[in-house]
Amino acid sequence: EYIRAGADILRTNSFASNIRTLCAGNTVSMTREEQLRTVYENVAAACRIAQSAAEKERSCAKGAERDTKEIYIAGDIGPVPETGASDEREKEIIEEYKTIARAHLDSGIRLIWFETFSDFDRILPVAEWIRSVSDAFIMASFSVNMFGYTKTGIGMRELLKTARESSLIDGIGFNCGIGPSHLGRLLKRCDLGNMIVSAVPNAGYADRIENRMVYRDNSAYFCEAMEEIAGLGVNIIGGCCGTTPSYTRKL
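Be aware that the sequence shown starts at 3, since it is given in the numbering used here, and climbs by one per residue.
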């Protein structure tokens, strides 16, 4: 649906592919190797699903004699939940990130997308490893509040500066956390330079209805705000929480 709506980039459904999520309740009975294998296989399956969707749309376009376009598959990596602090735990966390990245690379993915992070602490060492085994394009995307800071207190300007000075990061983005108007105001205050920048805000702000977070259909407002963001020199635009194929179609 998203491809037919006009999306050029599909992120794999692997944001929460990690040991905590996939092995909940079995961490005692499973060995470390089995836990990592479970994560690897889940990510590999997510890659196959995304690749299959892109290939299906290409086949449909050819059958209907429509022009085909390149669909880029982004290997999505979300933050791995962390508990405790020790040198051994540190090694395990990095090992888990590398396993997730390896599953994407082994599946033929050449765009790795770190999504909804708060800082570069985990991204840079994993990006260094990716660089040592692949020429994949590496995007780092962060979630900020309406004042432009992540939950660890790092501002957008500092994140942009780190990305600009690092040879490991090809592009930087901002996703989730806030709606398009707030993100647009924050981006106006930043020097984006010649960097590849993505802007993927939420549809707006959700309402709590019967213990559920519900997003209203704000597609007209969303797309108007995103048009302004695109005019700031942002290279990639899209939608995070609350957005649907109809949002993408209007974009």
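Idealized CB from N, CA, C, for every residue including glycine.
In the three-state scheme derived from DSSP, where H, G and I count as helix and E and B as strand, Asn177 is classed as strand.
Here Gly195 has Arg166 as same chain residues with Cβ atoms under 7 Å from its own Cβ, once five neighbours each way along the sequence are excluded. The shortest C-alpha to C-alpha distance from Val128 to any of Ile51, Arg34, Glu94 and Asn28 is the one to Glu94. When secondary structure is reduced to three states using DSSP, Phe122 falls in the coil class, being assigned neither helix nor strand. Using a Cβ distance threshold of 8 Å, Leu253 and Cys225 count as a contacting pair. In this structure, the beta-carbon distance from His106 to Ile96 does not fall below 8 Å. Per the coordinates, the alpha-carbon of Asp121 lies some 13 Å from the alpha-carbon of Val82.
The stretch 152 to 171 makes no contact with the stretch 227 to 234, as fewer than three CB pairs between them are under 8 Å. Contact between the stretch 143 to 152 and the stretch 174 to 190 is present: 3 or more CB-CB pairs across the two stretches fall below 8 Å.
Between the C-alpha atoms of Glu212 and Ser61 there is a straight-line separation of about 43 Å. Close CB contacts of Asn220 within its chain, under the 7 Å cut and outside five residues either way in sequence, are with Ala205 and Gly206 (chain order).
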